[in-house]
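Q: Here the protein sequences come in this chain order: A and B.
The first sequence lines up with residues 41 to 232 when you count with this note's numbering.
The second sequence lines up with residues 1173 to 1574 when you count with this note's numbering.
Ideal placement from N, C-alpha and C gives every residue a C-beta, glycine not left out.
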Amino acid sequence: MVMENIEHVENVTEITEEMKGWIDKAFHKAQNAYDNGEVPVGCLMVYDKQIVGQGRNEVNETKNATRHAEMVAIDQVEEWCQKNGKESSKVFEDTILYVTVEPCIMCAGALRLLNIPLVVYGCKNERFGGCGSVLNIAGDDIPNYGSPFKCLAGYQAENAVEMLKTFYKQENPNAPRSKVRGHESSPCEING
Amino acid sequence: MESDAHNSSFTWNAIPVLSLEEEMELLEDKLRDGPPLVVFFAATILDKRQTSHLSQILSATKPLPESLRHLKRVRSCFNRLDILLCPAKDHDRVDVVKGDENPELSKQMCRSNGEAVIDSENVAQRADLVQAPSLAEIFKDLADLNGLGDPFLVSVPSKAPKSQKDQQSWARYWPCIYHSKQKNVDTEEHITGGIMSETEKARIGTYMLKAVKAAQRSQVKGCCGAGTVIVDPGNGQVLAVASERTNETGNPLLHACMVAIDLVAKRQGGGAYLGVTGEDIDESDVGGEPLIGMVDQTLSCQTSAESVKPHLTSKKRKSAEESKKTEEKASYLCTGYDVFVTQEPCVMCSMALLHSRVSRVYYGCSRPGGALGTSYRLHCKNDLNHRFVVYRGVMEEECQNC
Ligand SMILES: [Zn+2]
Ligand SMILES: [Zn+2]
C-alpha cells in the first residue's frame, strides 16, 4: 500500500478529485483558526489515505511566531507515529501536505528536513512564500537540507485569499497597535 | 592570545553580514576613496540679496532629481555663494573620477581656475568650460534670473553620505545633507564594518560562551547541533538557553533556535513544546559560572513551572523605568532581542527568527545551507517584512569545535 502511495506522489501532475476532498477539509481548519482569532490557515497531513496530522495557526495563543498550521500538524504526525508504532521519518516520506496557503520559508524548510514529497496548496503567499513566491526553498539546491518537494497549487485559491482578506480587515489584537497601523502591507501579512 | 591590528584581546572579529548591494557598495567605497561624483552646472550668485528668490525659482523649475536630494542647493565658498542649476547631462551622468572614459571633459575639469580650488585633489571644484552653456541655453524660457553669474561645471557627490565623517569630508566637493538613521543605532557601524569596541566584544563573548556550553552539552547527548542564547539587550537578561534536541526527542525540527524561541514564548505565558520545557535553561545556569553581573540568575534558574508564570511578576523587582522599557519590547514575540548561536542558522531557523522579529543575530561559524549569509541572506531581503542585523565570526574557533 505504501509503495502505491510513493508511485502516486511521483507521477502526480494535477490535483485529483481525492485531493480536492482533502483540501476542502483543510479549509475547515482554516475557518477554525479564524473563529479563534488566528490567521486563517489550515492544513492536513495525509498518509496512507488517512489524516495523521492536522493543524491551524496557533501563533497568538502560544506567543510563538513559529506555530504555523504546518508546524502544528507535523507535531501531530510525530504523536500519531508514536501511538501507532511507526517510524516517523518513514511516514513523513510518504505523507502529502494539504494546506490552504503556500507554506512560508520556515515551513518549507521544515518540510524539506522531513523529506515530505508533495505539497498541495490553495493560494500564493506573496509575503513569506517559500515555494516560489519569495524564495523557492521547495526546489532550490540547498546542501545538507533534506529533499526538495513538489507543489500543486491553485485549487480554492480565491477562497483562501478571501478568508485572509476578511481576517485582516479586523486588527490582529495581539500585535502592537503601532505595528499594525504603521505597516502599509499588514492587510496581507500571512503567517502561513 | 594573538593581538591583531587593533591590539584586541580577542582572537575573533564580529563581521557584519551585509546584503549583496551593501557589500558591493562597501567595496566600491573602499576602492574609490571618496564619494561617487556627478557633474552639475552651477553658477555664482552675484547679487546675494537674490539668493532666496533664485533658489525658489530653481527649486520650482529645476528640482533636484530624487536620488540627489541630499545635495544642498547653495554652497558658500570663499565668501561667495554658488547655486546648483541642474545636472550637466540629465540622463547621462558623467563620473569625473572615471575621467578616462571621457578624456575631453576630464581635462577640462582638471584645468581648474585657481580661485575656486579648495583642496589639492585631482577633482576640480570648479572648471571653466569652453562649451559651458549660457544661462539662456539652460533656462530657455526664464528671464527672471538676474543676479546669476555664468554657469560652470562642478562635481558633486551623487550619493548621500552615510556618516557624519563622510558628510564633513565630502563637503569639499559640495555640501550634503546627512540623515542619521534613528532606527538602528549600530547601522552605520554595521554597514561600514566599523570596529567593535572591546566592551561590546566582551558582552557578546559572554553570551556566546553560554551558547557554546549549551552546544557541548547537546553533543554529550549524541547530537551534533548548535547552541542558542536569547538575550534582552535592554537589561542584559538571558531569556533562553537552548541546544539542539533532535536526537533525544526524535524530532528533526527541534533545532536550538526553535527550542530557544519556544522558551521565550513560555516566559511570556505561551509555548508549544511541552516535553522540551526549561531543562536546558536550568542546567546551563546552575552548571555554568556566574556571568559578570549581566545575567539575572534568579530568573534564569527558574524551574519550568515558574517560567510559565506571566513575566510581569518578575518585573516588579526592576525599576519602574526599566520594566516599562522591557514590557514594551517583551510583549510581542522576540521583538528587540539579541540571539547568540554557535552555528549559522538554517532556512527554517532563520525564518523563525525573522517571524519572531529579533533585532540582532550573532553567530560563530558559517555552514553549508546556512540562511544568514551562506545559501541565503534572509535577514536583509527587501521583500520580507522584517530585517535584522547579523554578525558572523563571533568566537568562531570555539564554535567550530563544539
Ligand atoms: Zn509557515
Ligand atoms: Zn535550524
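Confirm, please, whether the CB-CB distance from ILE1255 of chain B to LEU1226 of chain B is below 8 Å.
A: Yes, the pair counts as a contact, with Cβ atoms nearer than the cut-off.
Q: Is SER1522 of chain B closer than 8 Å to LEU1505 of chain B when the C-beta atoms are compared?
A: It is not a contact, given that the beta carbons lie outside the stated cut-off.
Q: To the nearest whole angstrom, what separates the beta carbons of LEU1561 of chain B and SER1531 of chain B, a pair I think is in contact under 8 Å?
A: Correcting the residue type first, residue 1561 of chain B is Val in the shown sequence and not Leu. Indeed they touch by this definition, with Cβ atoms about 7 Å apart.
Q: On the criterion of 16 or more Cβ atoms from any shown chain inside 10 Å, does VAL1458 of chain B qualify as buried, or is it exposed?
A: Residue placement at VAL1458 of chain B is flagged as unreliable, the pLDDT there being 33, under the threshold of 50; the coordinate-derived value follows with that caveat. Exposed.
Q: According to DSSP, is MET111 of chain A part of a helix, a strand, or is it coil?
A: If DSSP states are grouped into helix, strand and coil, MET111 of chain A belongs with the helices.
Q: If you measure from the beta carbon of ASP1205 of chain B to each beta carbon in chain A, is any gap under 8 Å?
A: Chain A, which has no Cβ nearer than 8 Å to the Cβ of ASP1205 of chain B, makes this no.
Q: Nearest to PHE1512 of chain B by CA position, among B:LEU1257, B:GLY1565 and B:CYS1258, is which residue?
A: Of B:LEU1257, B:GLY1565 and B:CYS1258, the residue nearest in Cα terms is B:GLY1565.
Q: Thinking C-beta only, is ASN97 of chain A closer than 8 Å to VAL117 of chain A?
A: Contact: no.
Q: Confirm, please, whether the CB-CB distance from GLY149 of chain A to ALA23 of chain A is below 8 Å.
A: The shown model of chain A, from 41 to 232, leaves out residue 23 of chain A, and the question about it has no answer.
Q: Between THR106 of chain A and chain B, is there a C-beta pair that is closer than 8 Å?
A: It does: the Cβ of THR106 of chain A has a partner Cβ on chain B nearer than 8 Å.
Q: What does SER187 of chain A reach in chain B if we use C-beta pairs closer than 9 Å?
A: Per Cβ cutoff of 9 Å: no residues; SER187 of chain A is ~13 Å from chain B at best.
Q: Can you name the residues of chain B whose CB is closer than 7 Å to the CB of THR102 of chain A?
A: Those within 7 Å of THR102 of chain A in chain B are ALA1437, GLY1442, GLY1443 and ALA1444.
Q: From the beta carbon of GLU118 of chain A, is the nearest beta carbon of chain B less than 8 Å away?
A: Cβ-Cβ to chain B under 8 Å: yes for GLU118 of chain A.
Q: Short of 7 Å in beta carbon distance, which residues of its chain neighbour ILE1464 of chain B, apart from the five on each side in sequence? Order them along the chain.
A: Here the model assigns ILE1464 of chain B a pLDDT of 36, short of 50, so the residue's position is not dependable and the matter cannot be decided.
Q: For ligand 3, any of its heavy atoms closer than 7 Å to the Cβ of MET1196 of chain B?
A: Within the structure as shown, ligand 3 is missing, the only ligands being ligand 1 and ligand 2.
Q: Does DSSP put SER1491 of chain B in a helix, in a strand, or in coil?
A: Note on SER1491 of chain B: pLDDT 47, under 50, position unreliable in the model; the coordinate value appears next. In this structure, SER1491 of chain B counts as coil in the three-state DSSP scheme.
Q: With DSSP collapsed to three states, give me the class of ILE195 of chain A.
A: The sequence given here places Tyr at residue 195 of chain A; Ile does not occur at that position. In this structure, TYR195 of chain A counts as coil in the three-state DSSP scheme.
Q: Select from the stretch 1507-1531 of chain B all residues with a C-beta closer than 7 Å to any C-beta belonging to chain A, and list them in chain order.
A: Listed by position along the chain: CYS1518, VAL1519, MET1520, MET1523, ALA1524, HIS1527 and SER1528.
Q: Is GLU110 of chain A near ligand 1, in the sense that its beta carbon is under 7 Å from a heavy atom of that ligand?
A: Yes, the Cβ of GLU110 of chain A comes within 7 Å of a heavy atom of ligand 1.
Q: Would you say MET203 of chain A lies against chain B (beta-carbon separation less than 8 Å)?
A: Not closer than 8 Å to any Cβ of chain B, the Cβ of MET203 of chain A fails to qualify, so no.
Q: Assuming THR1223 of chain B contacts VAL1246 of chain B under a Cβ cut-off of 8 Å, what Cβ separation, rounded to an integer in Å, is found between them?
A: At roughly 7 Å, the Cβ-Cβ gap stays under 8 Å, so THR1223 of chain B and VAL1246 of chain B are in contact.
Q: Please tell me whether LEU137 of chain A and GLY186 of chain A are closer than 8 Å, where the distance is taken between their beta carbons.
A: For LEU137 of chain A and GLY186 of chain A, no; Cβs fall outside 8 Å.
Q: List, in chain order, every chain B residue whose beta-carbon is nearer than 7 Å to that of MET146 of chain A.
A: Within chain B, the residues near MET146 of chain A are MET1520, MET1523, ALA1524 and HIS1527.
Q: Alpha carbon to alpha carbon, what distance is there between THR1183 of chain B and ARG1579 of chain B?
A: Residue numbering for chain B in the displayed model covers 1173 to 1574; residue 1579 of chain B lies beyond these limits and cannot be assessed.
Q: Flag GLU58 of chain A as yes if its beta-carbon sits less than 8 Å from any beta-carbon of chain B, otherwise no.
A: No, GLU58 of chain A lies away from the interface with chain B (no Cβ there is under 8 Å from its Cβ).
Q: Please report the straight-line C-alpha distance between THR1546 of chain B and GLU127 of chain A, rounded to a whole angstrom.
A: Rounded to the nearest angstrom, the two C-alpha atoms are 32 Å apart.
Q: For TYR74 of chain A, count neighbouring C-beta atoms within 10 Å of its own C-beta (all shown protein chains included) and say buried if the count is 16 or more, exposed if not.
A: Buried, because 16 or more other Cβ atoms sit within 10 Å of the Cβ of TYR74 of chain A.
Q: Between VAL1189 of chain B and VAL52 of chain A, what straight-line distance do the alpha-carbon atoms span, to the nearest angstrom?
A: Whole-angstrom Cα-Cα distance: 41 Å.
Q: Got a sec? Which residues, its chain only, sit under 7 Å from GLN1339 of chain B by beta carbon, not counting five neighbours each side?
A: So the list reads PRO1333, CYS1348 and TYR1350, once near-sequence residues are dropped.
Q: So which of A:GLY61, A:ASN104, A:PHE67 and A:ARG107 has the shortest CA-CA distance to GLN90 of chain A?
A: Nearest option by C-alpha distance: A:GLY61.
Q: State buried or exposed for ASP1555 of chain B, treating a residue as buried only when at least 16 other CB atoms are found within 10 Å of its CB.
A: By the neighbour-count rule (16 or more Cβ atoms within 10 Å), ASP1555 of chain B is not buried but exposed.
Q: What span of residues does the beta strand (DSSP E) with SER173 of chain A cover, start to end?
A: That residue, SER173 of chain A, is in no beta strand (DSSP E); it is neither H nor E in DSSP.
Q: Quick one: is the Cβ of PRO1405 of chain B within less than 7 Å of any heavy atom of ligand 2?
A: Not so, every heavy atom of ligand 2 lies at least 7 Å from the Cβ.
Q: Should GLU1416 of chain B go down as buried or exposed, given a rule of 16 or more other Cβ atoms within 10 Å for buried?
A: It counts as buried.
Q: Under 8 Å between C-beta atoms, does ASP1264 of chain B make it to chain A?
A: At ASP1264 of chain B, the pLDDT of 40 sits below 50, so the modelled position is not reliable and the matter cannot be decided from this model.
Q: Using a C-beta cutoff of 8 Å, does ALA150 of chain A count as contacting chain B?
A: Yes, ALA150 of chain A lies at the interface with chain B (some Cβ there is under 8 Å from its Cβ).
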